[in-house]
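Here is the structure we will look at, set down as C-alpha cells.
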Amino acid sequence: MPRAQPITPHEPPSPRPARRGLRAGAAQTEITPRRPMFLFGYPHVERTSTGVNDPLLASALYLETGGGRLLLLSVDLCCVTREITERVRAGLRDAAGLAPGEIVLGATHTHSGPVTASLQVCRDDAVVPAPDAQYVGEVIEQTIAAGRRAVHSAVAAECILARADARGIGGNRHDPAGPCDPEAPVLALRARDGGDWIGLHVVHAMHPTVLHEDSRLVSADYPGQARRLLKDRLGAGLVVVHHMGAGGNQSPRHFVRGNTLAEARRLGEALGTAVLAALERGQTVAQPVLSVRACRLNEPLARRAIPAPAAAHAALAAARARLAALRADGADPAILRTAECDVFGAEEVMTLVASARSGSLDAAIAAICPPEIQCFTLDGVAYTAWPGEFSVEYALELRRRAPNTYLITNAGTHLEGYIVTEEEFQAACYEANCAVFSPEAGRQLLAATVELLHCPTPGMTGVATD
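FYI, in our numbering the residues of the sequence shown are 129 to 594.
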C-alpha cells in the first residue's frame, strides 16, 4: 500500500478562464492584538503584552497559471491549528473559489504573539491561558480577507526564482557547528515586463526566538524585521510571506549578542539583505509551469513510548541538578539556555506522562492525524509543507532524495511536540524529551513526500472539509 494517499476534493474549485502566462496578486492584513494579551512561546512566565514593537500580519501571495492555482498564506503567530486552517480554507472556497488543497497556511512561529492553540505539553502550566476565541476569530477573518484580496488583485506577472545564502543568520542550537540549512529559497513576483513588485515568498529554517520571555512587546521577531527592510527597498506595496523551514533544532542561540529588539533587527536585516542579493542573480520566468498536489499519510504516524513516571521524575531531577551546577559555575549564557530548555523538556515529559494515563494525549493526536502533506512545484523548484516542527536533518535528507525541493514546516496544524532524529532522541535533548512522535514519523513523511512528488499524474487535489 502506498504511504501517500491522494486527497480528493470535497467540492471542485470554481472553473477559471484559461489564461496564458502567470498572474499573481498579494495582500496583507493586520492581526496585531488590540488589547494586552498573553505572549505565547515560553513556559512558566506571566507574559502579558505591554505594547507593540512591530505589527503582526496575515500575508497572502496568489499565483495562477493556465493549469494551476496556489495561495500561500502566513500568519505572524506561534502556530495554527487544524480548525483555523479548515475555517480559513472554507472561507476562501466561498470567497475566491479555491479548493482547500490549493491553500498553504503556515505560521511564522514567532514567540511574541498571542496564544492560538491548546497544546498537551502546556496542560500543567498554570500561567499559559487558553486561546482567546475572539482573537482567533479575528485572525481567521483577517487571513481570509488577505487571501481574497490577493486573488482578486491578480495581474499579469513574472516570477524570479532564487536561493538566498543565510549563513550566520542562526543555526543549530545544540552545536553551532552542527547540521543547519543556510539555503533559503526565494520566490518573488512582479508585474509583467519589470513592473512593480507584487510579493515575495521566503523559507528560512530557524526559530524566530531572538526575543525571550523577558520581552513583553508584541513582535514578529526577526522575520518582521526582514519584511520591513524588503518593503523599504522594493516598495511599500510589497507583501512578504515568510514560512518557517525545518527549524526544530535551529535557533539564534549561538548567533546573537543578546535577546534584544536590536538583535532581532540585525538578524532580520541580514536575512533581508541576503534575499535582495539572491534576487540580483535569480532566474526570471514569464510563463512558469505550476503543479500542486496534496495527500494524507496512509498509515498511523509512529509514536514514541512515553516514559514511566519514575523514569520521568528521575530525568527531571537530573536536568534540574545540571542546570543548578552550570549556574553555580557561571556557564556561558548559550550553554545555560540549553540547560534551561532541557529542564523545560523534562517538565513537559511529566505532563505527557499524565496526559497519556488520562487518555487526553490519544484524543489530541486523533484530532490532528492523519497528517497532511502539500507539495507545489514551480519550474522545477519544489516545495513541500508539513505540519509541526522538524529537525533540519529532514530537510537536508529530502533535498538529497529530491533535489531542488524545500521543506516548509509549521503548516496546516501543529503536531504535538517535535519530530527529531534518532541521534537526538538517544541524546535526550529538549526537543526529544517533549516529543510525542518518534523519529520514524519523520521517515514516514519523507517517504510519502517523495512518493507524492513522483506521482505520475499531478492534477489538483484538495482536502475534504466538512
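The C-beta atom is built at its ideal place from N, Cα and C for all residues, glycine as well.
Please read these numbers as outputs of a predicted model, since none were measured by experiment.
Given that a residue counts as buried once 16 or more other Cβ atoms are within 10 Å of its Cβ, and exposed if not, what is residue i?
i	result
Q411	exposed
A254	exposed
I231	buried
D309	buried
D342	exposed
Q415	exposed
P499	buried
E174	exposed
A316	buried
S246	exposed
H172	exposed
L451	buried
R276	buried
I463	exposed
T577	buried
G570	buried
G365	exposed
P304	exposed
R409	exposed
P351	buried
Measuring CA to CA, which of the options is closest to residue i?
i	options	result
A492	R431, V520 and E525	R431
P313	W325, D293, C469 and A152	D293
E311	G327, V256, G373 and G265	G373
T193	T213, A284, R529 and A227	A284
M334	I297, G327 and S347	I297
L425	D260, R163 and A575	A575
Y170	T213, A223, A152 and V243	V243
A227	A218, L233, A235 and G234	A218
I496	T160, T213, T577 and P164	T213
T466	N300, C207, H441 and P307	N300
L506	I288, L366 and N181	I288
A186	A348, A439 and D360	A348
C583	H302, L366, F504 and R320	F504
A273	P567, P428 and I159	I159
L565	N532, A447, L526 and L429	What sits at residue 565 in the sequence shown is Phe, not Leu. Taking only the C-alpha atoms, the option nearest F565 is L429.
R221	R485, T271, V180 and G179	T271
H371	R162, Y511, G234 and R527	G234
How is residue i classed by DSSP in three states: helix, strand or coil?
i	result
H172	coil
S343	coil
I231	strand
T271	helix
R385	coil
P428	coil
P437	helix
A576	helix
L150	strand
G352	helix
A208	Correcting the residue type first, residue 208 is Val in the shown sequence and not Ala. If DSSP states are grouped into helix, strand and coil, V208 belongs with coil.
A452	helix
C96	The question about residue 96 has no answer, for the chain in this structure spans 129 to 594.
R571	helix
C583	coil
Q415	coil
V283	strand
V338	coil
L247	coil
P461	helix
G194	coil
A278	helix
A530	coil
L220	helix
L167	strand
Give the DSSP bridge partners of residue i, in chain order.
i	result
G327	L317 and V367
L185	E158
M372	H332
S202	S187 and G234
E559	Bridge partners of E559: none, in fact.
S379	G299
I547	F518
D293	E311
L535	T512
G179	L345
R421	C503
(message) With three or more C-beta pairs closer than 8 angstroms as the rule, is the segment 396-408 touching the segment 354-365?
(response) yes
(request) Evaluate the contact criterion for the segment 368-383 versus the segment 518-532: three or more CB pairs, one atom per stretch, below 8 angstroms. (result) yes
(request) Evaluate the contact criterion for the segment 467-477 versus the segment 553-573: three or more CB pairs, one atom per stretch, below 8 angstroms. (result) yes
(message) Counting beta carbon pairs with one atom in the segment 258-266 and one in the segment 274-288, are three or more of them shorter than 8 angstroms?
(response) no
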